[in-house]
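Residue numbers (my numbering): 485 to 728.
Structure record follows, encoded as structure tokens.
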Amino acid sequence: MQFTYQSYGKLLEQLRDHGYQTADYESWRQKERCVILRHDVDNDIQKAVEMAVFEREQGVASTYFVLLTSNFYNAFSGETCEALQKIMNCGHQIGLHFDEVRYPSLAGDMEGIGKKIAEEAELLGRAAGCRVNTVSMHRPSKEILEADLQIPGVINSYGKIFFKDFKYVSDSRRRWREPVEEIVASERYERLHVLTHAFWYNRQELDLHDSVFRYVNGGNRQRYDWLEDNITDLEAIMPSGEIL
Ligand SMILES: [Zn+2]
């Protein structure tokens with residue numbers, strides 16, 4: 485499967501053709517054959533907006549898991565809040581993407597981690613202006629994967645149920661570990677849990693190197709624009725033509 489919107493659209497069509505209804509982390513119980521679509525927003529919130537708009541055009545709703553402790557975007561900035569609003573306006577939900585590495589002193593302390601998740605979910609809800617009641621883990625440790633964490637008021641998408649009662653497939657590191665299209669076509673599973681990262685999807689296929697290259701080197705323009713909002717007459721200091 486290619487990492488293009490067209491290919492992702494085909495996957496959605498295939499899911500529909502094989503009778504999989506899209507569901508969220510609550511509504512799946514009412515559906516017989518269903519798929520939970522999930523996206524982890526690891527670094528680029530604008531790519532998530534692009535994917536959200538595409539999914540709305542395709543008539544599906546999914547959950548976008550957003551970091552509160554990222555170096556790449558700030559959930560409380562005006563730009564990100566606007567992006568989150570756009571995602572919700574497309575009919576999607578916002579969940580918390582949780583990075584346990586942010587709290588080294590809590591390593592192995594599952595009770596403490598559970599409390600942090602509840603706290604971050606509440607904060608993200610304030611930033612996004614919605615109720616945040618689901619969590620997914622960013623690069624989870626073995627401990628957190630095995631813990632089957634129960635968090636009051638927050639559904640843990642890494643809870644046993646979403647791995648035991650669902651067939652889970654993901655495109656982590658821009659690679660499907662299992663052939664997702666074959667899995668859908670086989671109709672072997674009544675419930676699917678599909679994780680994709682909007683970051684990897686483009687109109688035209690880009691390989692792993694080129695996607696990363698474009699993101700890293702495209703960052704200078706964005707930095708310049710942000711600096712322009714903060715420094716008067718930036719052009720006189722450094723002409724925009726000098727952006728590498
Ligand atoms: Zn992640």
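Backbone N, C-alpha and C define an ideal beta-carbon position, used for all residues, glycine too.
Reduced DSSP secondary structure (H/G/I, E/B, other) of residue i
{"i": "Gly725", "result": "helix"}
{"i": "Arg540", "result": "helix"}
{"i": "His622", "result": "coil"}
{"i": "Ser654", "result": "strand"}
{"i": "Leu580", "result": "strand"}
{"i": "Thr564", "result": "helix"}
{"i": "Asn558", "result": "coil"}
{"i": "Asn573", "result": "helix"}
Nearest-angstrom Cβ-Cβ length linking residue i and residue j, presumed shorter than 8 angstroms
{"i": "Val616", "j": "Gly579", "result": "6 angstroms"}
{"i": "Phe549", "j": "Asp528", "result": "Incorrect: roughly 13 angstroms between the Cβ atoms, too far for contact."}
{"i": "Ser620", "j": "Asp508", "result": "So it is not a contact: roughly 13 angstroms between Cβ atoms."}
{"i": "Tyr673", "j": "Lys651", "result": "4 angstroms"}
{"i": "Cys574", "j": "Ala536", "result": "4 angstroms"}
{"i": "His622", "j": "Asp655", "result": "That belief does not hold up - the Cβ atoms of His622 and Asp655 are roughly 15 angstroms apart, past 8 angstroms."}
{"i": "Leu496", "j": "Gln530", "result": "Wrong, their Cβ atoms sit about 21 angstroms apart, outside the cutoff."}
{"i": "Thr488", "j": "Gln688", "result": "7 angstroms"}
{"i": "Tyr685", "j": "Tyr492", "result": "6 angstroms"}
{"i": "Glu671", "j": "His502", "result": "6 angstroms"}
Endpoints, alpha helix (DSSP H) assigned at residue i
{"i": "Tyr504", "result": "First-last for Tyr504: undefined, no H or E at that position."}
{"i": "Val678", "result": "Premise fails: Val678 lies in the beta strand (DSSP E), 675-680, not in any alpha helix (DSSP H)."}
{"i": "Arg707", "result": "692-712"}
{"i": "Lys599", "result": "594-612"}
{"i": "Phe646", "result": "645-648"}
{"i": "Ser670", "result": "664-670"}
Residue i classed as buried or exposed, judged by whether at least 16 other C-beta atoms fall within 10 angstroms
{"i": "Ala532", "result": "buried"}
{"i": "Leu552", "result": "buried"}
{"i": "Glu539", "result": "buried"}
{"i": "Leu711", "result": "exposed"}
{"i": "Glu726", "result": "exposed"}
{"i": "Ala669", "result": "exposed"}
{"i": "Ala591", "result": "exposed"}
{"i": "Glu584", "result": "buried"}
{"i": "Asp526", "result": "buried"}
{"i": "Thr506", "result": "buried"}
{"i": "Leu728", "result": "exposed"}
{"i": "His693", "result": "exposed"}
{"i": "Gln577", "result": "buried"}
{"i": "Ser724", "result": "exposed"}
{"i": "Ile721", "result": "exposed"}
{"i": "Leu629", "result": "exposed"}
{"i": "Thr716", "result": "exposed"}
{"i": "Phe697", "result": "exposed"}
Residue range of the unbroken beta strand (DSSP E) whose run includes residue i
{"i": "Val519", "result": "518-525"}
{"i": "Val638", "result": "Counting along the chain, Val638 falls outside any beta strand (DSSP E), and DSSP gives it neither H nor E."}
{"i": "Leu551", "result": "547-551"}
Minimum Cβ-Cβ distance from residue i to chain C less than 7 angstroms
{"i": "Ala612", "result": "Among the protein chains of the structure shown there is no chain C, as only one such chain exists."}
query: Below 8 angstroms, can you find three or more Cβ-Cβ pairs linking the stretch 588-601 to the stretch 568-577?
result: no
message: Below 8 angstroms, how does it come out for the stretch 673-683 and the stretch 512-519: are there three or more Cβ pairs, yes or no?
response: yes
query: Is the stretch 662-669 touching the stretch 634-646, taking contact as three or more C-beta pairs under 8 angstroms?
result: no
- prompt: Do the stretch 652-661 and the stretch 602-612 meet, that is, are 3 or more Cβ pairs less than 8 angstroms apart?
  reply: no
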